[in-house]
Amino acid sequence: MSERPSPVPAVATAGTPPSPRRNEWLLISFTGTTNTADAVMRVALPLLATTVTGSPALIAAVAIMLTLPWLITALHIGVLVDRKNRRSLMVGAEFARMAAMAVMLLAVAADVVNLPLIFGVALVLGVAEVVAQLSAMSIIPTVTPKSRWQSLNARLTATEYVTFSFLGAPVGGFLVAAGFAVALGTSGAVYLFGALLLTLLAGDFRVKPGKERRPARVEIREGLTFLWRHRLLRTMSALITVMAGCWAAWYALIPAYAVGGPLGLTPAQYGFLLTSLGAGGVLGTALVGPVNRLIGRRWAMFVDIVGTVLMVGVPAVVPGTPSSVWPVGVAAFFAGVGGTMWTVNSRVISQSLVPNELLGRFSAASRLLSWGMLPVAAALAGGLAQLFGFQVAFGCFAIVCLLMIYPFLRVITAAAVAEADAPAGESSGK
645 MSERPSPVPA VATAGTPPSP RRNEWLLISF TGTTNTADAV MRVALPLLAT
695 TVTGSPALIA AVAIMLTLPW LITALHIGVL VDRKNRRSLM VGAEFARMAA
745 MAVMLLAVAA DVVNLPLIFG VALVLGVAEV VAQLSAMSII PTVTPKSRWQ
795 SLNARLTATE YVTFSFLGAP VGGFLVAAGF AVALGTSGAV YLFGALLLTL
845 LAGDFRVKPG KERRPARVEI REGLTFLWRH RLLRTMSALI TVMAGCWAAW
895 YALIPAYAVG GPLGLTPAQY GFLLTSLGAG GVLGTALVGP VNRLIGRRWA
945 MFVDIVGTVL MVGVPAVVPG TPSSVWPVGV AAFFAGVGGT MWTVNSRVIS
995 QSLVPNELLG RFSAASRLLS WGMLPVAAAL AGGLAQLFGF QVAFGCFAIV
1045 CLLMIYPFLR VITAAAVAEA DAPAGESSGK
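Remember, my numbering sits 644 above the position in the sequence shown when you count from 1.
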């Protein structure tokens, strides 16, 4: 693709930090550390729940607690991100995660672990994730010039996949195999290191508002209104809402399906299964630039729909035996490739079309829909699996994802996507 150096006026007001390349690598390093710790927790907490209960619905409830804050706190946190120093918010989120790890570690040491405690720790981690994610997405325009947004987003996405799924998942499996106390203590230490990295970022990360601050409800409405009135961004949010729901269903069901269910994997083997998704994501970050140039952003993003259908569709049709781990892993690999294609391109589009002082609230409004679906989908998936079995649960989500092909082809056109690369003043916003 051809990236133009001229940013929209609102982004230009943010200024260029004194050391953009240094800041980029610090942000990438932070992403790597915090995603590694997050990955360990995504493995450890559901597996810790399996030691308390064998119910697929209750195990899936751990994923619900991890993602519920996107549904109940995103809009207000988005206002906070547009008002406060975004780096400070990210540091605070790391310390909240450390505190949650300390509480869980003490409970494991005292042998008083129970489901309410696991759910509570998961909820704290979920709130911290909302703060960190919205701040990290919104800080990019003040970290580096627009000409480097695609490369930075690609590197950040690659780092997320490498550390969260490719390395973090098997590391989490091995740490859990060594003991839950080892997994929790290691995660806490990694969160601390991530907070220290953030303190090294150079620049002013406070938002400079273009108008006087108004009540939170008014500023929340601005973010929602901007999203609703922009047809491309609105449709992208609707599509990712469905696909995010499918991913949430897969993540909610796969611990019970793989470890306590038909596949019969050990925790370490389960961690390796998750690396297939991460490996696809790593490959996708290497391919996103060439694929964009070859077939355009639009079709690169369409790969995500195909990969998501495969991810939830394959477990619905394979026989559900230990040998099924191979097709399940291959499908997750293709989902990882597609997920990268969507993530990198959608971030560039949003950062190009949304004013900097509105990024936090816009991201919150968008993720309220998409990531807010995560706990709903996880709960639905757990209930379906409990009542009708794993294949029915996976199959329902595959069918819903297939229905997204029509609105994608109708709205996500090449002309609409190209709007993100238009010079200032040429964007219609509709």
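Built from N, CA and C at the ideal position, the CB exists for glycine as well.
Item                                                                                                                                                                                               : Value
Just checking my contact of Leu871 with Ala780 at CB under 8 Å: how many whole Å lie between their CB atoms?                                                                                       : Leu871 to Ala780, Cβ: 19 Å. No contact.
So for His720, helix, strand or coil by DSSP?                                                                                                                                                      : helix
Would Pro651 be called buried (16 or more neighbouring beta carbons within 10 Å of its own) or exposed?                                                                                            : Caution applies to Pro651, whose pLDDT of 34 falls short of 50 and renders its modelled position unreliable; the model cannot decide the point.
Pull up the distance between the alpha-carbon of Val947 and that of Trp986, whole angstroms please.                                                                                                : 8 Å
Would you say the segment 835-851 touches the segment 706-720, given that touching needs at least three Cβ pairs under 8 Å?                                                                        : no
Which ranges would you report for the alpha helix (DSSP H) in the segment 922-1003 if only whole runs of at least 4 residues count?                                                                : 969-997
Within the continuous alpha helix (DSSP H) that includes Phe837, where are the two ends?                                                                                                           : Phe824 to Leu842
Buried or exposed: Val820, going by 16 or more other Cβ atoms within 10 Å of its Cβ?                                                                                                               : buried
Helix, strand or coil for Ile783 per DSSP?                                                                                                                                                         : helix
At the level of alpha carbons, what is the spacing between Leu845 and Val958?                                                                                                                      : 43 Å
In three-state DSSP terms, what is Phe739?                                                                                                                                                         : helix
Our contact map puts Phe978 next to Gly924 with C-beta atoms below 8 Å; I'd like the distance itself, whole angstroms only.                                                                        : 6 Å
With DSSP as the reference, label Phe849 as helix, strand or coil.                                                                                                                                 : coil
At the level of alpha carbons, what is the spacing between Cys1045 and Val953?                                                                                                                     : 6 Å
State the DSSP-derived secondary structure class of Gly698, mapped to helix, strand or coil.                                                                                                       : coil
Using the C-alpha atoms, what's the distance from Val1061 back to Leu692?                                                                                                                          : 43 Å
Which two residues bound the contiguous alpha helix (DSSP H) that contains Thr801?                                                                                                                 : Trp793 to Tyr805
Of all the options Ala944, Gln995 and Ala930, which has the alpha carbon lying nearest to the alpha carbon of Phe1052?                                                                             : Ala944
Answer yes or no: do Val696 and Asn758 have a C-beta to C-beta separation smaller than 8 Å?                                                                                                        : yes
Spatial neighbours of Val992 within its chain, please: CB distance less than 7 Å, with the 5 preceding and 5 following residues excluded, ordered by chain position.                               : Trp793, Gln794, Asn797 and Ala1064
Can you look up Arg727 in the DSSP assignment and give me helix, strand or coil?                                                                                                                   : coil
Tell me whether the beta-carbon of Gly1016 lies closer than 8 Å to the beta-carbon of Leu778.                                                                                                      : no
Out of Ala833, Trp970, Ala681 and Gly816, which one is the CA nearest neighbour of Leu769?                                                                                                         : Ala681
Between the segment 925-934 and the segment 804-816, do three or more beta carbon pairs fall short of 8 Å?                                                                                         : yes
To the nearest angstrom, how far is the alpha carbon of Asn936 from that of Thr879?                                                                                                                : 20 Å
Does the segment 825-833 touch the segment 670-689, meaning 3 or more C-beta pairs lie closer than 8 Å?                                                                                            : yes
To the nearest angstrom, report how far apart Leu877 and Ala976 are at their CA atoms.                                                                                                             : 26 Å
Taking buried to mean at least 16 other C-beta atoms within 10 Å of its own C-beta, is Tyr1050 buried or exposed?                                                                                  : exposed
Have a look at Val775 and Ile721 and give me their C-alpha separation to the nearest angstrom.                                                                                                     : 6 Å
Taking the Cβ atom as the reference point for each residue, do Ile864 and Leu724 lie within a distance shorter than 8 Å?                                                                           : no
Could you tell me which uninterrupted alpha helix (DSSP H) segments, each at least 4 residues in length, are contained entirely in the segment 874-922, listed from first to last along the chain? : 875-902
With a 10 Å radius around its C-beta and 16 neighbouring C-beta atoms as the bar for buried, classify Ile708 as buried or exposed.                                                                 : buried
In whole angstroms, what is the alpha-carbon distance linking Ala1058 and Met887?                                                                                                                  : 21 Å
To the nearest angstrom, how far is it from the Cα of Pro899 to the Cα of Val956?                                                                                                                  : 14 Å
For Ile1056, name the three-state secondary structure that DSSP assigns.                                                                                                                           : coil
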